[in-house]
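Asks: Before I ask anything, let me first share the structure, which is written out below as structure tokens.
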């Protein structure tokens, strides 16, 4: 518990409101004074001082919870809205946090990802760059920025950024996006390696749109048979919506060509 409190304070203290910062400092000073008093008293006389120490420590916990109430609540709400597909609501929630100047890299990354889901690629890239300024070595904003670069058609930079995210601890499933970026960049040998690794991951197997793209790109590279009709049917709607969302980018144009191939596969089984 104490370690968690220290972690929270180190990450968030500078963005707390002034009253919370002052209350925290006062509580720490009181704890130090009480600690000194406890150590100076005989063992049999320490009861009252220990009780006071415990009371101030409880107040300290409440100060930390109160100081972080807004950020935690807003971020959690936005996460739920994002996962539910209500991207506009998530955008409004997170822009509210950003307007206060208290957004950390996680909130900014989620906001950047939200703008990408809304098709606002330039705005997404700008926000994700802000997140990376705060946390340049964190895989969460690196992966988000890599995804935005991918959908904008900046394939070489996308591959480099996504690889950096993997090097810094991003989940292995990110190999799928790395393989796609490398394929669209024209780096066939590297794409084969990344896509081969992705094809063996349970997380890809349980994600039909991702599994379809990995299988399809491996097919185009001569690594796999033509995608099964059932798999195309499972993932087609997702990639169709993605192509429409990014129709104004080179990526959207490339996806439109892939969709024609998917449709050809479907017609071949009719």
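Residue numbers (the numbering used here): 1031 to 1300. We put the beta carbon where it would ideally sit given N, CA and C, even for glycine. The structure displayed is predicted, hence computed values, not measured ones.
1) List the endpoints of the continuous alpha helix (DSSP H) containing residue 1245.
2) Using the rule of at least 16 other Cβ atoms within 10 Å of the residue's Cβ for burial, across every protein chain shown, is residue 1174 buried or exposed?
3) What first and last residue would you give for the alpha helix (DSSP H) that runs through residue 1215?
4) Would you say residue 1251 and residue 1221 are within 8 Å of each other, going by their C-beta atoms?
5) From 1156, 1182, 1157, 1056, pick the residue whose C-alpha is nearest to that of residue 1215; which is it?
6) Within its chain, find whatever has a CB closer than 6 Å to the CB of residue 1053; leave out the 5 residues flanking it on each side and keep chain order.
7) Does the beta-carbon of residue 1083, which I'm using as the reference point, lie nearer than 7 Å to any heavy atom of the ligand ZN?
8) Do the region 1142 to 1152 and the region 1117 to 1127 meet, that is, are 3 or more Cβ pairs less than 8 Å apart?
9) If we ignore side chains and look at the alpha-carbon of each, how far apart do residue 1207 and residue 1168 end up?
10) In angstroms with no decimal places, state the Cα-to-Cα distance between residue 1138 and residue 1166.
11) May I ask you to verify whether the region 1150 to 1158 touches the region 1235 to 1248, counting CB pairs closer than 8 Å and requiring at least 3?
12) Entirely within the region 1102 to 1186 and at least 4 residues each: give me those alpha helix (DSSP H) ranges in chain order.
13) Can you tell me which of the three DSSP states residue 1276 falls into?
14) I think residue 1188 touches residue 1172, with their Cβ atoms under 8 Å apart; what is that distance to the nearest whole Å?
15) Could you check whether residue 1059 and residue 1083 sit closer than 8 Å to each other, using their CB atoms as the reference points?
16) State buried or exposed for residue 1282, treating a residue as buried only when at least 16 other CB atoms are found within 10 Å of its CB.
17) Tell me which residue opens and which closes the alpha helix (DSSP H) that residue 1060 is part of.
18) Tell me where the alpha helix (DSSP H) around residue 1231 begins and ends.
19) Are the beta-carbon atoms belonging to residue 1155 and residue 1178 less than 8 Å from one another?
20) Verify whether the separation of the beta carbon atoms of residue 1285 and residue 1267 is less than 8 Å.
21) Rounded to a whole number of angstroms, what is the C-alpha to C-alpha distance between residue 1095 and residue 1088?
22) Quick check: the Cα distance between residue 1111 and residue 1105, rounded to an integer number of angstroms?
23) Rank 1074, 1080, 1051 by C-alpha distance to the C-alpha of residue 1065 and give the top, closest one.
24) So, for residue 1123: in the same chain, excluding its five sequence neighbours on each side, which residues have a beta-carbon less than 8 Å away from its beta-carbon?
Replies: Here's the rundown:
1) Taking the first residue of the chain shown as 1, we reach residue 1245 at position 215. Run containing residue 1245: 1238 to 1250, per the alpha helix (DSSP H) assignment.
2) On the chain shown, residue 1174 is found 144 positions in, with the first residue counted as 1. Taking a 10 Å sphere around the C-beta of residue 1174, we find 16 or more other C-beta atoms and assign the residue as buried.
3) For the purposes of this step, residue 1215 is taken as the residue at position 185 of the chain shown. Segment 1205 to 1215, the alpha helix (DSSP H) holding residue 1215.
4) What you label residue 1251 is simply residue 221 of the chain shown in a count that begins at 1. What you label residue 1221 is simply residue 191 of the chain shown in a count that begins at 1. Yes, these two residues count as a Cβ contact at 8 Å.
5) Taking the chain shown and counting its residues from 1, the one referred to as residue 1215 is at position 185. Of the listed residues, the one whose Cα sits closest to residue 1215 is 1182.
6) Reading the chain shown from its first residue, position 23 is the one you call residue 1053. Closer than 6 Å at the Cβ level, and outside the excluded window around residue 1053, lie 1093.
7) The ligand content of the structure shown is nil, which means the ligand ZN is not present either.
8) As far as the Cβ criterion goes, the region 1142 to 1152 touches the region 1117 to 1127, which means the pair count is three or higher.
9) To locate residue 1207, count along the chain shown from 1; it is residue 177. To locate residue 1168, count along the chain shown from 1; it is residue 138. Near 18 Å, if we compare the C-alpha coordinates of residue 1168 and residue 1207.
10) As a working note, residue 1138 is residue 108 in the chain shown. As a working note, residue 1166 is residue 136 in the chain shown. Answer to the nearest angstrom: the Cα atoms are 13 Å apart.
11) Contact between the region 1150 to 1158 and the region 1235 to 1248 is not established, with fewer than three Cβ pairs separated by less than 8 Å.
12) If we require 4 residues or more, the alpha helix (DSSP H) runs fully inside the region 1102 to 1186 come out as 1117 to 1129, 1135 to 1147, 1151 to 1164, 1169 to 1182.
13) By 1-based counting over the chain shown, the position of residue 1276 is 246. In this structure, residue 1276 counts as coil in the three-state DSSP scheme.
14) Within the chain shown, residue 1188 is the residue found at index 158, counting from 1. Within the chain shown, residue 1172 is the residue found at index 142, counting from 1. Rounded, the Cβ-Cβ distance is 11 Å, inconsistent with contact.
15) In the chain shown, counting from the first residue as 1, residue 1083 sits at position 53. In the chain shown, counting from the first residue as 1, residue 1059 sits at position 29. Taking 8 Å as the Cβ cut-off, residue 1083 and residue 1059 do not qualify as a contacting pair.
16) Here residue 1282 refers to the residue found at position 252 of the chain shown. With a threshold of 16 other beta carbon atoms within 10 Å, residue 1282 meets it and is buried.
17) As a position in the chain shown, residue 1060 is number 30, starting the count at 1. Element bounds for residue 1060: 1048 to 1070.
18) Indexing the chain shown from 1 puts residue 1231 at position 201. Counting along the chain, residue 1231 falls outside any alpha helix (DSSP H), and DSSP gives it neither H nor E.
19) One-based indexing of the chain shown puts residue 1155 at position 125. One-based indexing of the chain shown puts residue 1178 at position 148. Here residue 1155 is near residue 1178, since their CB atoms are less than 8 Å apart.
20) Within the chain shown, the letter at position 255 stands for residue 1285. Within the chain shown, the letter at position 237 stands for residue 1267. Going by C-beta atoms, residue 1285 is not nearer than 8 Å to residue 1267.
21) Within the chain shown, numbered from 1, the residue matching residue 1095 stands at position 65. Within the chain shown, numbered from 1, the residue matching residue 1088 stands at position 58. A direct Cα-Cα distance of roughly 11 Å separates residue 1095 from residue 1088.
22) On the chain shown, residue 1111 is found 81 positions in, with the first residue counted as 1. On the chain shown, residue 1105 is found 75 positions in, with the first residue counted as 1. Their Cα atoms are separated by approximately 10 Å.
23) Against the chain shown, residue 1065 aligns to sequence position 35. For residue 1065, the nearest C-alpha among the options comes from 1080.
24) Here the question's residue 1123 lines up with position 93 in the chain shown. Within the same chain, Cβ atoms closer than 8 Å to the Cβ of residue 1123 are found at 1104, 1107, 1108, 1111, the five residues on either side in sequence being excluded.
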